[in-house]
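Engineer: With the UniProt record's numbering, letter number 137 in the sequence shown gets 137, and the count goes up by one each step, no holes.
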Amino acid sequence: MKSFNHYVVHRKIHKVMNGSLGQLDEKGVQALFGMFATEYLKHFNIVISSEVDTGRGTVDFYISYGYENRALLEFKLGSHQRVNNGIEFQLPIYLISEEISFGIFILICYTQESYLNSEYLYEEAKKQSKKYNKEISFYRIDATGTLKTGSTIKTMKDMNLEDWRRQNGQASNGLDGR
1 MKSFNHYVVH RKIHKVMNGS LGQLDEKGVQ ALFGMFATEY LKHFNIVISS EVDTGRGTVD
61 FYISYGYENR ALLEFKLGSH QRVNNGIEFQ LPIYLISEEI SFGIFILICY TQESYLNSEY
121 LYEEAKKQSK KYNKEISFYR IDATGTLKTG STIKTMKDMN LEDWRRQNGQ ASNGLDGR
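#1: Just to confirm before moving on: does the CB-CB distance between residue 75 and residue 30 stay below 8 Å?
#2: If distances are taken between C-alpha atoms only, which option among 162, 72, 67 comes closest to residue 105?
#3: Do residue 44 and residue 4 have their CB atoms nearer than 8 Å?
#4: Could you check the C-alpha separation between residue 57 and residue 112 for me, to the nearest Å?
#5: So, helix, strand or coil for residue 145, using DSSP?
#6: Taking its Cβ as the centre, do 16 or more other Cβ atoms sit within 10 Å of residue 114, making it buried, or is it exposed?
#7: Could you pull out every residue in the same chain whose Cβ sits closer than 8 Å to the Cβ of residue 178, ignoring the five residues on either side in sequence?
#8: Nearest-angstrom Cα distance between residue 54 and residue 80?
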């Protein structure tokens, strides 16, 4: 997930997702991610399957490196009406149904508003992890394409590295938010 996020945010994949023909819908984002993840993970002998029926609904992605190392991934667009339901109910019931202990909830943000308004989902993931005794992680992906280029950055805040720091286990310095 970290690599996909990096390519969307820092390597212009956001242009594919948010191009002249409009924004990719959820299925389009999933197809793009599926292609990326399959190519990336096959070198590690990790299997990824899309649209897997859990018995309690269809999860976007099921990843497995043997039975003990499995994960579920659920994508939502920032504009989706029921983002909260995805992290609070949908992903947890899929994890319970499949008897898997790790899941990732991914939010694709095409607007600054959806990006900024989703900050609370990091805490929500922790809350749901405790509630269901599962490890639920949250990733938000900035697909706005509004980040400044290196030559136009004037301050630490302009770098917008808050999510990068979080994904790389670094504490925030409070200077690089939006």
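Backbone N, C-alpha and C fix where the C-beta goes; we use that ideal spot for every residue, glycine too.
Fair warning: this is a prediction, and the values are worked out from it, not measured in the lab.
Structural biologist: Looking at the coordinates:
#1: Taking the sequence shown and counting its residues from 1, the one referred to as residue 75 is at position 75. Taking the sequence shown and counting its residues from 1, the one referred to as residue 30 is at position 30. The answer is yes: Cβ separation under 8 Å.
#2: Residue mapping note: residue 105 aligns to position 105 of the sequence shown, counting from 1. Of all alpha-carbon atoms in 162, 72, 67, the one lying nearest the alpha-carbon of residue 105 is that of 72.
#3: Walking along the sequence shown from the start, residue 44 turns up at place 44. Walking along the sequence shown from the start, residue 4 turns up at place 4. No, the Cβ-Cβ distance between residue 44 and residue 4 is not below 8 Å.
#4: Working through the sequence shown from its first residue, we reach residue 57 at position 57. Working through the sequence shown from its first residue, we reach residue 112 at position 112. Cα-Cα distance, rounded: 31 Å.
#5: Numbered from its first residue, the sequence shown carries residue 145 at position 145. Of the three classes helix, strand and coil, the one that applies to residue 145 here is coil, per DSSP.
#6: For the purposes of this step, residue 114 is identified with residue 114 of the sequence shown, where counting begins at 1. Counting every other CB atom within 10 Å of its CB across the protein chains shown gives residue 114 a total of 16 or more, marking it as buried.
#7: Here residue 178 corresponds to residue number 178 of the sequence shown, with the count starting at 1. Confidence in residue 178 is poor, its pLDDT being 46 and thus under 50, which makes the residue's placement unreliable; the coordinate value appears in the next sentence. Correct list, in chain order: 112, 115, 116, 157, 160, 162.
#8: Numbered from 1 along the sequence shown, position 54 holds the residue referred to as residue 54. Numbered from 1 along the sequence shown, position 80 holds the residue referred to as residue 80. Rounded to the nearest angstrom, the two C-alpha atoms are 22 Å apart.
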